[in-house]
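Undergrad: Just so you know, we're using full-length UniProt numbering here: the sequence shown kicks off at 1 and counts up by one. Before we start, here is the structure in question, set down as structure tokens.
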Amino acid sequence: MRQLIRRLSRVGDCGGGKTKAATATATTTPEGHVPVYVGGGGGEAPERFVVRAELLGAPALAELLGRAAQEYGYRHQGPIRIPCPVAVFRRALAAVMAGDEADEEVIEDGQ
């Protein structure tokens, strides 16, 4: 799990070749953070969150990542996509953040 988190924090948001849009998005992701797209089912647009990579190992978020792996597989290219309602992700993230005394906040892009 730690190797996956390290790799994801280095990969950022680009899913392959460096296009102008991918380069611009990758530069807006702070070092040590990972872009995560949540939702997108049922006609709603996915929301983009930028989460500290170390938080992805927390049990609440690891369970959601497991669901994503079941749906998309481990060879999925591009940014992390979690197929759950945004409200569920926010609750899981709030639970992880409540247990983590760090001052950094999650950045929500609202895309």
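Virtual Cβ for every residue (Gly too), placed ideally from N, Cα, C. Given the structure is predicted, the values throughout are model-derived calculations rather than measurements.
Identify which residue in 62, 90 and 98 has its Cα closest to the Cα of residue 48.
TA: Looking only at 62, 90 and 98, the smallest Cα-Cα distance to residue 48 is reached by 90.
Undergrad: Look at the alpha carbon of residue 93 and the alpha carbon of residue 59, and state the distance between them as a whole number of angstroms.
TA: Counting only the Cα atoms, residue 59 lies some 10 Å from residue 93.
Undergrad: Please report the straight-line C-alpha distance between residue 77 and residue 69, rounded to a whole angstrom.
TA: Residue 77 and residue 69 have their C-alpha atoms some 12 Å from each other.
Undergrad: Return the CA-CA distance between residue 56 and residue 36, expressed in angstroms with no decimal places.
TA: 10 Å
Undergrad: Starting from the Cα of residue 42, find the closest Cα among 53, 31 and 83 and give me that residue.
TA: Of the candidates 53, 31 and 83, the one whose C-alpha sits nearest the C-alpha of residue 42 is 83.
Undergrad: Going by other Cβ atoms of all chains shown within 10 Å of its Cβ, with 16 needed for buried, is residue 75 buried or exposed?
TA: exposed
Undergrad: CB-CB under 6 Å to residue 72, same chain, minus the five flanking residues each way: which ones, in chain order?
TA: none
Undergrad: Is the separation between the beta-carbon of residue 39 and that of residue 30 shorter than 8 Å?
TA: Taking C-beta atoms as the reference points, residue 39 and residue 30 fail to come closer than 8 Å.
Undergrad: Is the Cβ-Cβ distance between residue 62 and residue 32 less than 8 Å?
TA: no
Undergrad: Whose CA, out of 80, 85 and 88, lies closest to the CA of residue 51?
TA: 80
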